[in-house]
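Colleague: Protein chains in written order, with the UniProt record's numbering: chain A, 1 to 501; chain B, 1 to 204.
Here it is in structure tokens:
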């Protein structure tokens with residue numbers, strides 16, 4: 001008994017539990033989902049989603065409270081504004097993706113309790129990744145996120161595209177995390193056995209071991225650039241996005257990118273500050289190539305999901321400019337604001353594709369022709385989100401891009417900003433192509449739209465109205481956020497300003 | 001040399017041929033089951049080597065993980081798949097000689113590096129510093145347990161959650177479910193004839 005008491009008191013002194021309380025709530029939600037499904041024997045799956053929703057909301061509330069009163073705590077976690085903002089972003093992603101996937105319950109023929117389980121675990125992995133300052137925690141949480149995303153993408157196991165997508169994702173993520181681990185092992189060895197990021201910089205003598213640190217930086221860059229799908233490591237993105245179920249793509253197109261962004265920024269800012277000239281050049285090159293490649297190939301795509309995959313590659317290219325342009329007075333404000341807006345834009349677009357493809361069973365862009373006659377709400381909100389992605393004023397995408405490019409220009413990244421502007425114009429082309437297709441009245445409607453039914457025919461009407469409203473709620477939320485966030489740009493920038501570390 | 005060093009050399013002289021024989025057996029047995037068993041011999045001898053080098057935790061971990069899990073899995077997989085005895089061709093093409101050359105260069109590099117390190121650490125200054133580290137009186141397992149529950153508590157618990165999710169995720173695609181009852185219910189409620197895009201609704 002004495003041992004347990006002393007252990008608990010020592011535990012309390014080393015880890016302040018209130019700092020990881022949001023994650024603990026998510027873990028409690030995860031365990032509750034598993035046990036509830038076990039007890040209910042597979043019935044009443046909507047209850048599981050309610051648990052997920054509640055735990056996400058409570059977690060967000062506690063995180064909000066913590067954001068206001070910053071508790072500074074070192075060792076495993078550092079609770080500065082940067083980390084907390086990323087945790088908040090990931091919680092928003094999880095919340096909106098729950099709203100998207102509620103109707104999965106009744107429309108699919110496969111078991112459903114594992115779906116919220118994997119989503120919670122991916123969100124948990126992302127949240128811990130955003131605050132980890134310790135090589136081991138970084139690696140374990142990265143693997144957690146990758147593994148849960150892989151299971152999610154292979155969820156519809158009877159469909160061969162899903163199998164292919166999850167196989168590709170698993171193999172590529174395994175290869176990239178082994179490269180990351182090799183970079184970590186070099187850092188661990190040459191800093192005399194230190195695992196904490198701060199201690200590594202203290203102990204490693206940069207002048208003596210410069211070639212080794214460059215090699216380690218190259219490996220870490222390769223490992224994290226895979227997650228971000230930057231240029232040479234982007235090959236997995238279109239295939240995985242096209243193959244996975246649409247709700248899943250919505251979820252991990254934002255969650256894993258946001259978590260990987262926080263990891264990338266923290267690693268490169270903390271460990272390699274003396275190398276900043278070198279890795280700035282390399283990252284700039286990667287960003288320019290991702291922007292060019294993503295936008296040019298997206299022009300030629302015929303499937304909506306593949307086009308969105310390439311467009312997300314180019315969006316991450318834009319965000320890289322924000323990372324490179326960080327300076328003392330503005331911190332990472334441009335990157336954080338653009339990430340925030342990107343979450344809503346991307347989730348909004350996927351929130352509209354999901355019901356459309358559910359009702360017509362196709363993903364081809366040509367089949368969107370004349371949609372405004374059948375479903376004006378969907379058309380209008382899709383138009384808003386696509387325009388926001390393209391960066392047309394007065395939507396918030398424009399404000400995000402404007403701030404990003406202004407910040408980049410001020411920091412001297414002239415080539416990147418010029419390329420970004422040119423490729424933004426190219427991206428407007430393919431977004432407008434879809435909008436034009438949807439809004440023009442075609443004399444002979446496409447076959448698929450002829451059978452376009454507004455209500456889901458697989459369920460009874462009562463449940464369908466209740467569930468339809470959750471996806472509609474997500475759509476409207478995202479549309480509003482991607483439109484009106486531009487008006488709230490100044491407060492957002494002020495919050496994200498002092499994030500330089 | 002004194003008695004303890006003699007015993008140490010003797011034990012090492014027993015273990016190292018075991019590793020050598022086992023690895024040669026792994027690559028040259030025609031029957032894959034024999035080859036996987038000799039792989040088990042290699043892993044066991046490596047773990048005995050760790051014991052002789054006074055790293056008790058690593059030795060135990062090697063036995064549990066490599067021999068007890070990975071090798072058992074390999075043997076299991078080999079025995080389940082009904083393999084015919086593979087015949088290896090006697091022709092030695094260009095690939096054989098390239099691999100031979102690359103491996104021998106690698107081997108010579110490693111031997112040279114080890115000799116240099118040996119010379120470096122044999123000098124008296126380094127030996128006294130090495131002895132000061134007092135490695136032989138630490139209790140590895142206790143130290144590791146202490147660190148796991150104090151400094152590395154979050155990754156430790158997260159790894160246990162990862163195991164849970166990995167188990168669920170591994171069983172999920174492999175499991176058999178009854179979808180007969182679901183299909184019957186859905187067919188009753190649908191009033192649109194199910195064309196092929198409609199069947200893909202679960203995918204979207």
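For every residue, glycine included, the Cβ atom is placed at its ideal position computed from N, Cα and C.
1. Determine the DSSP secondary structure at residue 132/A, reduced to helix, strand or coil.
2. Under 8 angstroms, do residue 46/B and residue 11/B count as touching if we go by C-beta distance?
3. Along chain A, in chain order, which residues have C-beta atoms closer than 8 angstroms to that of residue 166/B?
4. Does chain A have any CB closer than 8 angstroms to the CB of residue 161/B?
5. Run through the region 200-230 of chain A for me and flag every whole alpha helix (DSSP H) of 4 or more residues, listed as ranges in chain order.
6. Among the residues of its own chain, which have a CB less than 6 angstroms from the CB of residue 249/A, if the five just before and after it don't count?
7. Taking residue 148/A as the reference, give the member of 484/A, 251/A, 101/A with the closest Cα.
8. Excluding the 5 residues flanking residue 219/A on each side, which residues of the same chain have their C-beta closer than 8 angstroms to its C-beta?
9. Within 10 angstroms of the Cβ of residue 8/B, are there 16 or more other Cβ atoms? Answer buried if so, exposed if not.
10. Are the CB atoms of residue 378/A and residue 355/A within a distance shorter than 8 angstroms?
11. With distances taken between CB atoms, is the gap from residue 348/A to residue 482/A smaller than 8 angstroms?
12. For residue 361/A, count the other beta carbons within 10 Å of its own beta carbon; 16 or more makes it buried, fewer makes it exposed. Which is it?
13. By a C-beta neighbour count over all protein chains shown, 10 Å radius and 16 as the cutoff for buried, is residue 22/B buried or exposed?
14. Around the Cβ of residue 367/A, are there at least 16 other Cβ atoms within 10 angstroms (buried) or fewer (exposed)?
15. Please list, in chain order, the chain B residues whose beta carbon lies closer than 9 angstroms to that of residue 140/A.
16. Residue 380/A to residue 351/A, Cα distance in whole Å?
17. Run through chain A and tell me which residues come within less than 8 angstroms of residue 169/B, C-beta to C-beta.
18. Using a Cβ-Cβ distance cut-off of 8 angstroms, determine whether residue 172/B contacts chain A.
19. Looking only at its own chain, which residues have a Cβ that is under 6 angstroms from the Cβ of residue 83/A, when we skip the five neighbours before and after it?
20. Cutting at 7 angstroms between CB atoms, please list the residues of its own chain near residue 92/A, excluding the five before and the five after it.
21. Using only the alpha-carbon positions, how far apart do residue 279/A and residue 213/A sit?
22. Verify whether the separation of the beta carbon atoms of residue 401/A and residue 427/A is less than 8 angstroms.
23. Starting from residue 188/A, follow the alpha helix (DSSP H) in both directions and report where the run begins and ends.
24. First and last residue of the alpha helix (DSSP H) that includes residue 329/A?
25. Can you tell me which residues form a DSSP beta bridge with residue 196/A?
26. Should residue 142/B be labelled buried (16 or more other beta-carbon atoms within 10 Å of its own) or exposed?
27. Can you list, in chain order, the residues of its chain whose CB lies under 6 angstroms from that of residue 72/B, leaving out five sequence neighbours each side?
28. Helix, strand or coil for residue 244/A, going by three-state DSSP, please let me know.
29. Could you spell out the range, first to last residue, of the alpha helix (DSSP H) harbouring residue 143/B?
30. Are the C-beta atoms of residue 144/A and some chain B residue less than 8 angstroms apart?
31. Nearest-angstrom Cα distance between residue 346/A and residue 148/B?
32. Using three-state DSSP, classify residue 303/A as helix, strand or coil.
33. Could you check the C-alpha separation between residue 94/B and residue 31/B for me, to the nearest Å?
34. Under 8 angstroms between the Cβ atoms of residue 43/B and residue 67/B?
35. Can you tell me where the alpha helix (DSSP H) with residue 491/A in it begins and where it stops?
36. Got a sec: which bits of the region 124-140 of chain A sit with their beta carbon under 7 angstroms from any beta carbon on chain B, in order along the chain?
Modeller: Short version:
1. It is a strand residue.
2. Going by C-beta atoms, residue 46/B is not nearer than 8 angstroms to residue 11/B.
3. Result: 147.
4. Any Cβ of chain A closer than 8 angstroms to the Cβ of residue 161/B would place that residue at the interface, and such an atom is present.
5. Qualifying alpha helix (DSSP H) stretches, in chain order: 210-228.
6. Within the same chain, residue 249/A has close Cβ partners 241.
7. Taking each of 484/A, 251/A, 101/A in turn and checking the Cα distance to residue 148/A, the smallest one comes out for 251/A.
8. The residues are 179, 180, 182, 183, 186.
9. Exposed: under 16 other Cβ atoms inside 10 Å.
10. Contact flag set, yes.
11. Going by C-beta atoms, residue 348/A is nearer than 8 angstroms to residue 482/A.
12. So residue 361/A counts as buried.
13. Answer is buried; the Cβ neighbour count reaches 16.
14. Classification for residue 367/A: buried.
15. Residues of chain B passing the Cβ test: 154, 155, 156, 158, 159, 162.
16. Straight-line Cα distance between these residues: approximately 13 angstroms.
17. Residues of chain A passing the Cβ test: 114, 118, 147, 148, 150, 151.
18. Taking CB atoms only, residue 172/B has a neighbour in chain A less than 8 angstroms away.
19. Spatial neighbours of residue 83/A in its own chain (CB-CB distance under 6 angstroms, excluding positions within 5 residues in sequence) are listed in chain order as 130, 131.
20. Around residue 92/A: 343.
21. Their backbone Cα atoms lie some 11 angstroms apart in a straight line.
22. Judged by beta-carbon spacing, residue 427/A lies beyond the 8 angstroms limit of residue 401/A, meaning their Cβ atoms are not closer than that value.
23. Segment 160-190, the alpha helix (DSSP H) holding residue 188/A.
24. From DSSP, residue 329/A is part of no alpha helix (DSSP H); its letter is neither H nor E.
25. In the DSSP assignment, residue 196/A forms a beta bridge with 134/A.
26. Exposed is the call here.
27. By the criterion of a C-beta distance shorter than 6 angstroms, residue 72/B is surrounded by no residue of its chain, once the five residues flanking it on both sides are discounted.
28. Reduced to three states, the DSSP call for residue 244/A is coil.
29. From DSSP, the alpha helix (DSSP H) with residue 143/B extends over 140-150.
30. Closer than 8 angstroms to some Cβ of chain B, the Cβ of residue 144/A qualifies, so yes.
31. Taking the straight line joining both Cα atoms gives about 40 angstroms.
32. DSSP, read as helix, strand or coil, puts residue 303/A in strand.
33. When rounded, the separation of the alpha-carbon atoms in residue 94/B and residue 31/B is 25 angstroms.
34. Remark: C-beta atoms of residue 43/B and residue 67/B approach each other more closely than 8 angstroms.
35. Residue 491/A -> alpha helix (DSSP H) spans 489-495.
36. Per Cβ criterion, the list reads 128, 136, 137, 140.
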